[in-house]
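Engineer:
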Amino acid sequence: MILPTKASLGGFFDPSHLTNASPKTIILITISLLVVYYITSSVLAWYRLRHFDGPWLGKFSYLWIFKIIHSGQMGEEAHAAQDKYGGVEPGYPSTVRIGPSDLMTTELDLIRRMSGARSRYVRSNWYKLNRLDPYDDNMFSTTSTTYHDKLKSKMAPGYSGRDNTGVERDIDYVISKLVDKIRAKYAAPKGSTSPAGREMLEFGQMVQYFTLDVICKTAFQIEFDHITKEEDVFGYIYMVHNLVYANAMGATIPMVGKILSNPLFLKIFGPTTKDPRGMGLIMKVAREIVTKRFAPDAKDQQDMLGSFIRRGLTQRQCETESIFQILAGSDTTATGIRSGLLYLCSNPRAYTRLQREIDESIASGLISSPCITNSESLSFPYLQAVIYESLRMRPPFDGLPFKIVPPEGDHTRDGRFIPGGTKITATFGAMQRNKEVFGVDSDVWRPERWLEEEGCDAERRREMKSVVEMVFGYGRWQCAGKMVALLELNKIFCQLIRNFDFQLANPTQPWKSRNYHIFFHDDFYMTVTDRHSKTEEEKSG
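My numbering puts the first residue of the sequence shown at 3, with every later residue one more than the last.
#1: Does the structure place the segment 382–398 close enough to the segment 95–102 that three or more beta carbon pairs sit under 8 Å?
#2: Answer yes or no: do V287 and F205 have a C-beta to C-beta separation smaller than 8 Å?
#3: So what's H523 in DSSP terms, helix, strand or just coil?
#4: If you check the beta carbons only, do I406 and V124 fall under 8 Å apart?
#5: Decide if D445 is buried, meaning its Cβ has at least 16 other Cβ atoms within 10 Å, or exposed.
#6: Using the three-state DSSP reduction, which class does H534 fall into: helix, strand or coil?
#7: Please work out which residues of its chain come closer than 6 Å, Cβ to Cβ, to R396, disregarding the five sequence neighbours upstream and downstream, and give them in chain order.
#8: Look up L393 in the DSSP assignment and give the residues it is bridged to.
#9: Pull the bridge partners of S515 from the DSSP assignment, please.
#10: Taking only runs that begin and end inside the segment 68–134, name each unbroken alpha helix (DSSP H) of 4 or more residues, in chain order.
#11: If you drop the 5 nearest sequence neighbours on each side, which residues of the same chain put their C-beta closer than 8 Å to that of M208?
#12: With three or more beta-carbon pairs closer than 8 Å as the criterion, would you say the segment 47–64 touches the segment 72–90?
#13: Under 8 Å: do the segment 521–538 and the segment 213–229 share three or more Cβ pairs, one atom per stretch?
#14: Quick check on the DSSP output: the beta strand (DSSP E) that includes T293 runs from which residue to which?
#15: If we ignore side chains and look at the alpha-carbon of each, how far apart do A80 and A432 end up?
#16: Of all the options R435, C481, K294, V470, which has the alpha carbon lying nearest to the alpha carbon of P92?
#17: Looking at T220 and D174, is the spacing between their C-beta atoms short of 8 Å?
#18: Taking the Cβ atom as the reference point for each residue, do S535 and K152 lie within a distance shorter than 8 Å?
#19: Locate the beta strand (DSSP E) running through D151, then write down its first and last residues.
#20: Can you tell me whether DSSP reads T429 as helix, strand or coil?
#21: Quick check on Q480: does DSSP put it in helix, strand or coil?
#22: Using only alpha-carbon positions, find the residue among K484, S73, G417 that is nearest to T97.
#23: Would you mind sorting E362 into buried or exposed? The rule is 16 or more other CB atoms within 10 Å of its CB.
#24: May I have the straight-line CA-CA distance separating M251 from L134, to the nearest angstrom?
#25: Are the Cβ atoms of F326 and N140 separated by less than 8 Å?
#26: With a CB to CB cut of under 7 Å and the five nearest residues on each side skipped, what residues in its chain are close to N244?
#27: Would you mind stating whether D302 and G308 have Cβ atoms separated by less than 8 Å?
#28: What would DSSP say about T213, mapped onto helix, strand or coil?
#29: Once DSSP output is grouped into helix, strand and coil, what is the label at F440?
#30: What residue does the beta strand (DSSP E) around F504 start on, and which one ends it?
#31: Identify which residue in I70, N127, P25, G77 has its Cα closest to the Cα of T424.
#32: Taking just the CA atoms, how far does F68 sit from I255?
#33: Which residues in the same chain have their Cβ closer than 8 Å to the Cβ of K260, if we skip the five residues on either side of it in sequence?
#34: On the criterion of 16 or more Cβ atoms from any shown chain inside 10 Å, does I31 qualify as buried, or is it exposed?
#35: Rounded to whole angstroms, what is the Cα-Cα separation between R462 and Y94?
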């Protein structure tokens, strides 16, 4: 074999050329090489998934993903792209390309394969880059399937209530504080046609206080009293509002993620327990809570943290899990409650029907006082219809948690091959508008679709319910806190509607909504009337 010589190449590879080159020439050569590398890698990436349509920017870069995150309407933009590029009628299952090696799908069978108990799909770095404490993994952030399964087996009894039988009692306690706060400060007397000097209720903020108090009570048996104080007691809300945008960017766009997770970056900018607010303060609070439980004289407690300790979690594992519990147990559940009440207040027919179901059941002795039980809630068809329809229309989580396709690849329902190593995620909002499952009016909030009177038999209801519950994940990756979230939802709507009448303060713009994986709802003002206080006529009588 004859190799080319320096002479035959005209001296092109002579190192002296670079040695003698000016800085400007070196910069131009470097830029040119980077451009060639980027174009080559982009073409190769495009070719690999060329048989999937999607936004043009997404075929070569992460600019489209950047755009939808920056818009603050991440879920809505992803849903629109699913309908536009899916190659089928809007509302029917499809798979769409959104990045160089990234797909999103609403195909239910594919999503179930991604998360099944024996699935060979694994988590992508999206999860690792969404750990709140940036120094150690928790059950949600780990990309190790083995470590995840081991942790979940230890933590499931605490989340499920098997080791923590007081969960329902604790939720009832916090609900009673919420009802008392609304009645004392915000609710006008029965029969009043004006706020009667009462303040308007910023329901979005109050619900955040409620869910924070619930998770702190059920997980740690600690009362931070967010509801009573009406303030961000340990800075959690401030932290989430200031962190989640960067988290969404870093988790979804590889280059940003590499910067944010770089050890040098974390050393300079990362949170520490000495910080006066933000993630550092949350880490400090979690460490203090857990340290007390691991003290030599600490008493065993019947809460989630107590269960984790009894099941063998280390002190550091308990710290990282406690931080994530607060996020998973507050923001997502708060979204479910806010959305449900917004849909009810926007639909007088549904509001009146739910209120009638509750009132008649109370009169018949079918609902306990002062708080409905979980088992009672499950027996009321319209209440359950409202809860599941609200979760369907606005999933509490609407991000892009990518899994990695196994080496052998997979196929879409129409036979297209998905190469191994591709990142793929469910499109949660679009998945819940599936016309094959929910009917041709799936874009409409209509609780009646869940009822027998509308022709919904038990089999169809089970199928719809299983799809809606995918908002909590599926299979081995299903949210461990699902039971607690549903407990809260099963109780809170009944307790609010039985005690108060709610009205939107600004029907034309009821709230300001942003979505960076999780939702933020600001300026969600309500006027409230107490249904059980005495009117002036009743008092005088």
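Virtual Cβ for every residue (Gly too), placed ideally from N, Cα, C.
Structural biologist: This is what the structure gives:
#1: no
#2: As a working mapping, residue 287 is identified with position 285 in the sequence shown. As a working mapping, residue 205 is identified with position 203 in the sequence shown. Contact flag unset, no.
#3: Residue 523 sits at position 521 when you count from the first residue of the sequence shown. Of the three classes helix, strand and coil, the one that applies to H523 here is strand, per DSSP.
#4: Here residue 406 is taken as the residue at index 404 of the sequence shown, counted from 1. Here residue 124 is taken as the residue at index 122 of the sequence shown, counted from 1. In this structure, V124 lies closer than 8 Å to I406 by Cβ.
#5: Against the sequence shown, residue 445 aligns to sequence position 443. Its Cβ having fewer than 16 others within 10 Å, D445 is exposed.
#6: As a first step, residue 534 is located in the sequence shown; it is residue number 532 there, counting from the start. In this structure, H534 counts as coil in the three-state DSSP scheme.
#7: The sequence position of residue 396 within the sequence shown is 394, counting from 1. S341, listed in sequence order.
#8: If you number the sequence shown from 1, residue 393 lands on position 391. For L393, which the question treats as bridged, DSSP gives no partner whatsoever.
#9: Translated into positions along the sequence shown, residue 515 becomes position 513. Looking at the DSSP assignment, S515 forms a beta bridge with H523.
#10: 76–87, 110–117, 127–130
#11: Within the sequence shown, residue 208 is the residue found at index 206, counting from 1. Only L180, K183, I184, I229, E232 meet the Cβ criterion.
#12: yes
#13: no
#14: For the purposes of this step, residue 293 is taken as residue 291 along the sequence shown, with counting starting at 1. Here T293 belongs to no beta strand (DSSP E); instead the alpha helix (DSSP H) covers 281–295.
#15: By one-based count along the sequence shown, residue 80 stands at place 78. By one-based count along the sequence shown, residue 432 stands at place 430. When rounded, the distance between both Cα atoms is 8 Å.
#16: Numbered from its first residue, the sequence shown carries residue 92 at position 90. The option with the nearest alpha carbon to P92 is R435.
#17: Taking the sequence shown and counting its residues from 1, one reaches residue 174 at position 172. Taking the sequence shown and counting its residues from 1, one reaches residue 220 at position 218. No; because the gap between Cβ atoms is not below 8 Å, this pair is not in contact.
#18: Within the sequence shown, residue 535 is the residue found at index 533, counting from 1. Within the sequence shown, residue 152 is the residue found at index 150, counting from 1. Going by C-beta atoms, S535 is not nearer than 8 Å to K152.
#19: Translated into the one-based positions of the sequence shown, residue 151 becomes position 149. Here D151 belongs to no beta strand (DSSP E); instead the alpha helix (DSSP H) covers 147–162.
#20: To locate residue 429, count along the sequence shown from 1; it is residue 427. Residue state, collapsed to three classes: coil.
#21: Taking the first residue of the sequence shown as position 1, residue 480 is located at position 478. Q480 falls in the coil class under three-state DSSP.
#22: Here residue 97 refers to the residue found at position 95 of the sequence shown. The option with the nearest alpha carbon to T97 is G417.
#23: Against the sequence shown, residue 362 aligns to sequence position 360. E362 is exposed by the Cβ-count criterion.
#24: By 1-based counting over the sequence shown, the position of residue 251 is 249. By 1-based counting over the sequence shown, the position of residue 134 is 132. Computed Cα separation, rounded: 14 Å.
#25: Stepping through the sequence shown from its first residue, residue 326 is reached at position 324. Stepping through the sequence shown from its first residue, residue 140 is reached at position 138. Yes, they are a contact pair.
#26: For the purposes of this step, residue 244 is identified with residue 242 of the sequence shown, where counting begins at 1. Excluding residues within five positions, the ones whose Cβ falls inside 7 Å are G280.
#27: Start at 1 with the first residue of the sequence shown, and residue 302 comes out as number 300. Start at 1 with the first residue of the sequence shown, and residue 308 comes out as number 306. Cβ atoms of D302 and G308: closer than 8 Å.
#28: Residue mapping note: residue 213 aligns to position 211 of the sequence shown, counting from 1. Correct three-state label for T213: helix.
#29: Taking the first residue of the sequence shown as 1, we reach residue 440 at position 438. Of the three classes helix, strand and coil, the one that applies to F440 here is helix, per DSSP.
#30: Here residue 504 refers to the residue found at position 502 when the sequence shown is read from its first residue. Where F504 is concerned, the enclosing beta strand (DSSP E) stretches over 502–506.
#31: On the sequence shown, position 422 is the one that residue 424 refers to. It is N127.
#32: As a first step, residue 255 is located in the sequence shown; it is residue number 253 there, counting from the start. As a first step, residue 68 is located in the sequence shown; it is residue number 66 there, counting from the start. Approximately 7 Å, taken between the alpha carbons.
#33: The count along the sequence shown starts at 1 and reaches residue 260 at position 258. Around K260: no qualifying Cβ.
#34: For this step, residue 31 is matched to residue 29 along the sequence shown. It is exposed - the Cβ of I31 has fewer than 16 other Cβ atoms within 10 Å.
#35: One-based indexing of the sequence shown puts residue 462 at position 460. One-based indexing of the sequence shown puts residue 94 at position 92. Cα to Cα, R462 sits roughly 17 Å from Y94.
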